[in-house]
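Enquirer:
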Amino acid sequence: MKSVDHSIKPQPSDEVKFSLPKIDKFNLENGMEVYFIQKDKLPILQLNLLVNGGSSFDPEGKKGLSNLFSMVIDEGAGKYDSLQLSDEFDSLGTHFSISSSEDNLYFSLQTLKENFDKSLELFSTVILQPHLDEKDFLREQRKMITRILQQQDEPDEIADIVFQFRLFDKVNPYAFPVVGYEGTVKNISIDDIRKFRADYLHPNNSTLIVVGDISKEELQSKLNLYFINWKPENVSNIFAFPYTTQHRKIFLVDKKNTVQSEIRIGHLASKRNEEDYYSKLILNTILGGQFTSRINLNLRERKGYTYGAHSRFNYFKESSYFYVSTSVGLENTANALQEIFNELNGIQKGVTSEELGFAKSSIIRKFPSNFETNKQIASNLIGMVIHSLPEDYFNNYIEEINSLEIDDINNAAKKYVQPEKTVTVIVGDKSKLLEQFKSFDGEIVEADINGELKNKVTK
Amino acid sequence: MDILNIDYEKYKLKNGLEVILYKDNSIPLVAANIWYKVGSANESKGKTGIAHLFEHMMFQGSANVPKEMHFRYIQEAGGSLNGSTSFDRTNYFEKVPSNFLELILWLESDRMGSFIPALTQEKLDNQQNVVSNERLERYDNQPYGLAWELIISNLYPEGHPYSWSTIGSLEDISSYTLEDVSSFFKTYYSPSNAVLVVAGDFETARTKELVEKYFSGIESNGNANSLQAIPPQLKDNIYIIHEDNVQLERIYLSWHSDKAYGDDDASLDILSDILTGSKSSRLYKNLVFEKEVAQDVSAFQFSGRLGGFFTITATAKPGVKLDSLKSEILKELKAIKNDGVSEKELLKSKNGIKSNFIYSLQNLDSLADQINSYNFFLKEPNSFNFDLKRYEEVDNDKIKSATKYFSVPYVELQIIPKNDNENKEGK
């Protein structure tokens with residue numbers, strides 16, 4: 007057998023040709039905007055309706071309203087009660103679900119082409135003729151209250167909730183968990199649910215995204231047919247998004263009997279559609295966005311503190327934050343924190359040209375794989391809609407990345423990674439943690455599982 | 002269905018490596034997916050978790066690939082990669098732009114052929130820490146996180162290959178030496194014990210050349226002994242009560258059932274869907290929707306090469322006794338045994354399964370993995386239609402017949418809140 011020299015790393019063959027799918031944009035007769043990509047490889051369709059009506063729209067004292075609305079709206083519609091409606095979707099093999107995030111309500115429908123008409127008809131019935139019965143509402147409300155009780159079991163969920171609460175400092179609509187609190191969910195009535203529908207569920211407050219095996223003409227006529235009775239209404243949604251300046255602070259949430267600490271460290275950042283997005287993307291790819299980024303290689307592959315550690319810029323419509331997230335063995339909590347701060351400080355000294363080359367190559371070459379499944383494609387379009395990105399966004403993506411130089415990234419590191427402004431949340435067994443923080447720089451405050459302050463910790 | 006009928010080519014290298022090529026040029030991506038026929042079932046009591054720890058070591062570099070570079074080369078190419086370990090097999094997979102096919106074949110062949118020269122104590126120490134943290138994160142620090150281990154260790158007799166978890170115990174994970182790792186490699190990581198699937202956008206003749214170039218020089222270590230296990234039986238019901246950091250009580254009922262692709266395997270999948278798969282499924286409707294005695298309920302048929310088991314899980318609403326959930330569950334199983342299910346229920350499940358088959362074809366990684374799975378269990382990569390037919394042929398008689406598994410002793414696990422007031426904050 008002929009021997010091969012395995013020591014030579016193979017080079018890629020000719021660059022691949024990838025043609026970006028064509029994005030069509032049109033309006034229905036009722037004014038609703040539709041984004042559409044035709045993809046006919048498989049006889050399936052993905053449809054997403056995006057409504058401006060996420061948890062940041064929840065009124066004071068009724069946090070969790072948008073989420074509860076998403077649970078109740080498909081509990082019966084038209085001639086179907088709750089169980090019949092779900093049976094109708096299931097019998098078609100159609101996946102239909104509704105969820106709520108900070109910014110939006112999402113309706114998602116995945117169906118075979120042969121069942122598109124029937125699925126669309128059911129979907130439009132949910133939008134136009136939901137029952138919103140009190141009996142169904144009360145059942146879903148009880149389910150949600152129990153779910154909130156169960157959250158206490160999940161250290162990672164507690165860490166996320168407390169981090170966002172402290173970061174947005176109780177004053178910003180993004181400070182509160184999408185699901186709300188036990189007290190605020192109990193405070194919601196069926197009238198609030200009905201009012202939420204009247205306030206927000208309108209075609210002029212929504213965007214439809216469709217990906218799949220259908221022609222534009224056919225899609226247009228079907229959507230117009232099923233949504234003809236959905237009429238635009240006045241929508242008033244003006245909220246203030248106030249921010250407070252943060253100084254480095256550590257919040258400790260005591261969770262007895264845990265064997266790991268959940269750690270979140272981060273600070274507020276600029277919005278998705280503001281300048282320097284691509285610099286921040288490259289920066290984070292180098293710092294913590296991938297397996298081979300600095301933070302994971304240090305905390306996992308060198309120190310062995312964790313199964314994984316990552317950083318990201320998390321973008322909302324009106325705000326964003328940068329954060330590092332990991333879970334580590336209790337005994338290594340302070341060590342891990344120290345290493346994370348070393349990385350946040352270290353990146354300010356600049357990145358190397360190898361790192362820049364690697365990040366660019368990774369991001370650019372990954373581009374085609376973002377368009378593999380219908381859900382991925384839809385999710386790209388959703389991002390475009392939420393953050394009001396330009397229509398040629400995907401066309402210019404690779405060029406934008408390619409144009410950046412090392413100074414751009416180094417400036418972004420100084421501007422967008424700010425260790426001195428970080429909010430840190432640790433969820434773990436206090437009795438095993440305090441000793442480690444005796445010599446740690448920075449104020450430590452104890453918080454409860456919702457992020458409300460208890461008392462300063464004496465080290 | 003035509004779209005489920007895939008065209009492939011399968012052949013074997015002289016060293017025993019099986020190769021399956023599946024071409025799809027619709028997007029310029031290519032995936033490699035290797036199954037090694039070794040999993041945690043090949044371990045023994047007191048030596049658990051090594052198959053999974055070994056999987057981690059395979060990402061630590063090989064003779065021509067320095068530490069951290071396996072990941073880096075693939076991410077630099079814009080690719081994605083991972084591996085996973087189950088009872089029966091270990092898989093490794095990556096997906097890259099199609100012009101990087103040679104890179105991933107080189108990487109996979111280098112660790113298949115030259116893993117041992119790059120093995121060091123430092124790497125092993127590091128991954129023992131990482132895997133211990135993986136165990137803490139995914140099992141010990143998770144509410145109800147120990148349920149799986151408690152079920153299998155009671156359902157299977159001591160020493161049975163399925164009686165310990167894939168992650169292994171902390172004690173075992175930290176006990177392994179370099180020699181254990183080398184010897185595991187020599188026993189199981191032979192090309193003759195592996196199957197390589199290449200799927201996606203490639204040119205066949207060129208791909209065959211590359212596979213030959215990189216893999217044919219790897220020597221076979223012969224064939225590892227194939228595991229056998231006697232189908233286990235419980236003499237009596239086993240009751241376990243476990244205290245955990247949880248707010249709500251949860252019950253698990255587990256019965257031995259059929260193995261993967263056994264006569265009743267598909268019927269049990271459909272039965273699990275009829276019991277808990279949708280809002281109007283029998284147990285969900287009864288316990289969660291109407292009576293509101295459970296917060297959630299789920300049923301699933303686990304099936305592997307050496308056997309299977311069927312588990313029903315329900316979480317009690319605050320103040321509800323687990324025994325009342327249990328009696329409702331058993332009552333429903335008895336009703337199905339006596340009266341079967343309706344045509345409507347069967348049709349709904351089958352339509353859902355059929356659609357899911359088609360949805361799943363969108364993703365190249367999962368397609369490549371499914372091809373390997375069919376080849377492993379059925380010796381035939383093109384089994385999508387065969388698999389779908391298994392479900393389409395399930396009728397009321399088959400469902401009733403599958404309820405025979407519930408007439409024998411079972412394992413009942415109750416997970417209840419720790420008797421610890423400090424853990425009840427905010428209640």
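Residue numbers (my numbering), protein chains in the order written: chain A, 7 to 465; chain B, 2 to 428. Idealized CB from N, CA, C, for every residue including glycine.
Using a beta-carbon distance cut-off of less than 9 Å, what residues from the region 253-269 of chain A approach chain B?
Expert: Of all residues in the region 253-269 of chain A, ASP260, LYS261, LYS262, ASN263, THR264, VAL265, GLN266, GLU268 have a Cβ within less than 9 Å of some Cβ in chain B.
Enquirer: Counting only Cβ pairs nearer than 9 Å, list the residues of chain A close to ILE28 (chain B).
Expert: Taking the first residue of the second sequence as position 1, residue 28 (chain B) is located at position 27. The contacting residues are PHE24, LYS47, PRO374, SER375, PHE377, GLU378.
Enquirer: In its own chain, which residues sit with a C-beta less than 7 Å from the C-beta of ASN376 (chain B), not counting the 5 before and 5 after it?
Expert: For the purposes of this step, residue 376 (chain B) is taken as residue 375 along the second sequence, with counting starting at 1. Counting only residues of its own chain and dropping the five nearest sequence neighbours on each side, ASN376 (chain B) has a CB closer than 7 Å to the CB of ILE21, VAL196, PRO382.
Enquirer: Quick one: using the 10 Å Cβ neighbour count with 16 as the cut-off for buried, is HIS253 (chain A) buried or exposed?
Expert: The count along the first sequence starts at 1 and reaches residue 253 (chain A) at position 247. Result: exposed.
Enquirer: Can you tell me the Cα-Cα spacing of VAL433 (chain A) and LEU459 (chain A), whole angstroms?
Expert: By 1-based counting over the first sequence, the position of residue 433 (chain A) is 427. By 1-based counting over the first sequence, the position of residue 459 (chain A) is 453. Whole-angstrom Cα-Cα distance: 14 Å.
Enquirer: Among A:GLY84, A:PHE347, A:LEU34, A:ILE450, which has the Cα closest to the Cα of ILE234 (chain A)?
Expert: One-based indexing of the first sequence puts residue 234 (chain A) at position 228. Selected option, being the one with the closest Cα: A:LEU34.
Enquirer: Applying a beta-carbon distance threshold of less than 7 Å, which residues of chain A neighbour GLU138 (chain B)?
Expert: For this step, residue 138 (chain B) is matched to residue 137 along the second sequence. The contacting residues are GLN266, TYR313, SER333.
Enquirer: Okay, do the region 134-150 of chain A and the region 192-200 of chain A touch, 3+ Cβ pairs below 8 Å being the bar?
Expert: yes
Enquirer: In three-state DSSP terms, what is THR190 (chain A)?
Expert: As a working note, residue 190 (chain A) is residue 184 in the first sequence. Looking at THR190 (chain A) - three-state DSSP - the assignment turns out to be helix.
Enquirer: Under a Cβ-count criterion, where at least 16 other Cβ atoms within 10 Å of its own Cβ denotes burial, should GLY320 (chain B) be classed as buried or exposed?
Expert: Walking along the second sequence from the start, residue 320 (chain B) turns up at place 319. GLY320 (chain B) is exposed by the Cβ-count criterion.
Enquirer: Pick helix, strand or coil for ASP205 (chain A), following the three-state DSSP scheme.
Expert: The residue labelled residue 205 (chain A) in the question sits at position 199 within the first sequence. ASP205 (chain A) falls in the helix class under three-state DSSP.
Enquirer: Looking at the structure shown, is LYS425 (chain B) part of a helix, part of a strand, or coil, going by DSSP?
Expert: Walking along the second sequence from the start, residue 425 (chain B) turns up at place 424. Its pLDDT being 44, under 50, LYS425 (chain B) is placed unreliably in this model, and the value from its coordinates should be taken loosely. Three-state DSSP puts LYS425 (chain B) in a helix.
Enquirer: Candidates B:HIS57, B:ALA403, B:LEU228: which alpha carbon is nearest ASN339 (chain B)'s?
Expert: In the second sequence, the residue the question calls residue 339 (chain B) occupies position 338. The candidate whose alpha carbon is nearest that of ASN339 (chain B) is B:ALA403.
Enquirer: Using a C-beta cutoff of 8 Å, does THR190 (chain A) count as contacting chain B?
Expert: Position 184 of the first sequence, counting from 1, holds the residue named residue 190 (chain A). Chain B contact via Cβ: absent.
Enquirer: Are the C-beta atoms of ILE359 (chain B) and some chain A residue less than 8 Å apart?
Expert: Sequence index remark: in the second sequence, residue 359 (chain B) carries index 358 (1-based). ILE359 (chain B) has a beta carbon lying within less than 8 Å of a beta carbon in chain A.
Enquirer: Which of the residues in the region 24-44 of chain A, read from start to end, lie with their CB under 7 Å from any CB of chain B?
Expert: PHE24
Enquirer: Count the C-beta pairs between the region 419-436 of chain A and the region 360-380 of chain A that are closer than 8 Å, then say yes if the count reaches three, no if not.
Expert: no
Enquirer: Between PHE72 (chain B) and chain A, is there a C-beta pair that is closer than 8 Å?
Expert: To locate residue 72 (chain B), count along the second sequence from 1; it is residue 71. Chain A contact via Cβ: present.
Enquirer: Check distances from the C-beta atoms of the region 284-306 of chain A to those of chain B and list, in chain order, the residues that come in under 7 Å.
Expert: GLN296, PHE297, THR298, LEU303, ARG306
Enquirer: Starting from SER328 (chain B), follow the beta strand (DSSP E) in both directions and report where the run begins and ends.
Expert: Within the second sequence, the letter at position 327 stands for residue 328 (chain B). SER328 (chain B) -> not in any beta strand (DSSP E); alpha helix (DSSP H) instead, spanning 323-340.
Enquirer: Output needed for PHE116 (chain B): all residues of its chain with C-beta closer than 6 Å, excluding positions within five of it in sequence on either side, in chain order.
Expert: Counting from 1 along the second sequence, the entry for residue 116 (chain B) is found at position 115. Result list for PHE116 (chain B): SER63, PHE186, in chain order.
Enquirer: When Cβ atoms are compared, which residues of the region 300-329 of chain B fall closer than 9 Å to chain A?
Expert: Those residues of the region 300-329 of chain B that come within reach of chain A (Cβ to Cβ, closer than 9 Å) are THR316, LYS318, PRO319.
Enquirer: Can you give the Cα-Cα distance for LYS124 (chain B) and LYS309 (chain A), rounded to whole angstroms?
Expert: To locate residue 124 (chain B), count along the second sequence from 1; it is residue 123. To locate residue 309 (chain A), count along the first sequence from 1; it is residue 303. Those two C-alpha atoms are separated by around 11 Å.
Enquirer: Taking the continuous beta strand (DSSP E) assigned at LYS31 (chain A), which residues delimit it?
Expert: Residue mapping note: residue 31 (chain A) aligns to position 25 of the first sequence, counting from 1. Taken as a continuous stretch (DSSP letters only), the beta strand (DSSP E) holding LYS31 (chain A) covers 30-33.
Enquirer: Using three-state DSSP, classify ARG254 (chain A) as helix, strand or coil.
Expert: Here residue 254 (chain A) refers to the residue found at position 248 when the first sequence is read from its first residue. Coil at ARG254 (chain A), not helix or strand.
Enquirer: With a floor of 3 residues, list each beta strand (DSSP E) that falls wholly inside the region 214-287 of chain B, ordered by position along the chain.
Expert: 239-245, 251-258
Enquirer: What does a CB cutoff of less than 7 Å around PHE174 (chain A) pick up in its chain, not counting 5 residues either side in sequence?
Expert: Looking up residue 174 (chain A) in the first sequence gives position 168. Result list for PHE174 (chain A): TYR180, ALA181, in chain order.
Enquirer: Applying a beta-carbon distance threshold of less than 8 Å, which residues of chain B neighbour LEU118 (chain A)?
Expert: Indexing the first sequence from 1 puts residue 118 (chain A) at position 112. By Cβ distance, chain B contributes SER356, ILE359.
Enquirer: Quickly, what does DSSP pair ARG270 (chain A) with across the bridge? List them, please.
Expert: Translated into positions along the first sequence, residue 270 (chain A) becomes position 264. ARG270 (chain A) is bridged to A:SER331, A:VAL431.
Enquirer: Quick one: which chain B residues come within Cβ less than 7 Å of SER3 (chain A)?
Expert: The structure shown has nothing for residue 3 (chain A), since chain A only spans 7 to 465.
Enquirer: Any Cβ of chain A within less than 8 Å of the Cβ of ILE7 (chain B)?
Expert: Position 6 of the second sequence, counted from the first residue, corresponds to residue 7 (chain B). No, ILE7 (chain B) does not count as interfacial toward chain A.
Enquirer: Let me check one thing: in DSSP terms, what residues is SER45 (chain B) bridge-paired to?
Expert: Here residue 45 (chain B) refers to the residue found at position 44 when the second sequence is read from its first residue. Paired residues: B:LYS48.
Enquirer: If we ignore side chains and look at the alpha-carbon of each, how far apart do TRP107 (chain B) and PRO16 (chain A) end up?
Expert: As a first step, residue 107 (chain B) is located in the second sequence; it is residue number 106 there, counting from the start. As a first step, residue 16 (chain A) is located in the first sequence; it is residue number 10 there, counting from the start. For TRP107 (chain B) and PRO16 (chain A), the gap between their C-alpha atoms comes out near 7 Å.
Enquirer: For the region 158-182 of chain A, which residues have a CB atom closer than 8 Å to at least one CB atom of chain B, in sequence order?
Expert: GLN158, ASP159, GLU160, PRO161
Enquirer: Assuming the contact rule is C-beta atoms closer than 8 Å, ILE330 (chain B) and ALA315 (chain B) should be a hit. Round their C-beta distance to whole Å, please.
Expert: In the second sequence, counting from the first residue as 1, residue 330 (chain B) sits at position 329. In the second sequence, counting from the first residue as 1, residue 315 (chain B) sits at position 314. Going by Cβ atoms, the distance from ILE330 (chain B) to ALA315 (chain B) rounds to 7 Å, so yes, they are a contact pair.
Enquirer: Does any residue of chain A have a CB that is nearer than 8 Å to the CB of ILE4 (chain B)?
Expert: What you label residue 4 (chain B) is simply residue 3 of the second sequence in a count that begins at 1. Chain A contact via Cβ: present.
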